[in-house]
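The structure appears right after this line, and notes come after that.
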Amino acid sequence: VEADVTIGCYLKQQADRLGVVYSVGAGDEPSSCMELIEFASALGYTIVSAGKGKNNPLNHDAVPDDYRAEALRRNMNPRMLVEFVDGSKTMVEMCA
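For the sequence shown, my numbering gives the first residue as 899, with consecutive numbering after it.
Encoded structure:
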C-alpha cells in the first residue's frame, strides 16, 4: 500500500504504457475493506460506514524515544512502532 500511495500514479502510467493492468493486491487493508463491503452488500445489507480499527491505544504525541524499550522487547524499530501507535501507518494505508 505504501508504494501505491507514493508512486501509484507512476506505476499506473507504466502499466498503461505496457498495455497491462495495475491494481492493488488483495489482502491489504483497502482491498480487504472493499471485499467486506461487497460481501455485506451481496447479503442485502445497506452499508453506512466502513473503515479500519486499531489494535492498540492511539497516542498522537508518540515519539520513538518514548517507545524504544517496548520496541526492543518486540524486536521492532522504534520509529515503526510509533507509526502504529500514533496512527500514521493506518492513515497512509487507508488513503491508498
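Every residue, glycine too, gets a C-beta built ideally from N, C-alpha and C.
Taking the C-alpha atoms as reference points, what is the distance between residue 932 and residue 904? To locate residue 932, count along the sequence shown from 1; it is residue 34. To locate residue 904, count along the sequence shown from 1; it is residue 6. C-alpha separation (whole angstroms): 21 Å.
Starting from the Cα of residue 901, find the closest Cα among 912, 950 and 922 and give me that residue. Mapped onto the sequence shown, residue 901 falls at position 3. Measuring from the Cα of residue 901, the nearest candidate turns out to be 922.
Secondary structure at residue 941, three-state DSSP: helix, strand or coil? Here the question's residue 941 lines up with position 43 in the sequence shown. In this structure, residue 941 counts as coil in the three-state DSSP scheme.
Going by C-alpha distance, which of 919, 929, 916 and 983 is nearest residue 957? Counting from one through the sequence shown, the residue named residue 957 turns up at place 59. Distance from the Cα of residue 957 is smallest, within the candidate group 919, 929, 916 and 983, for 983.
The alpha helix (DSSP H) that contains residue 987, what's its start and end? Here residue 987 corresponds to residue number 89 of the sequence shown, with the count starting at 1. 986 to 993 is the span of the alpha helix (DSSP H), which, as asked, contains residue 987.
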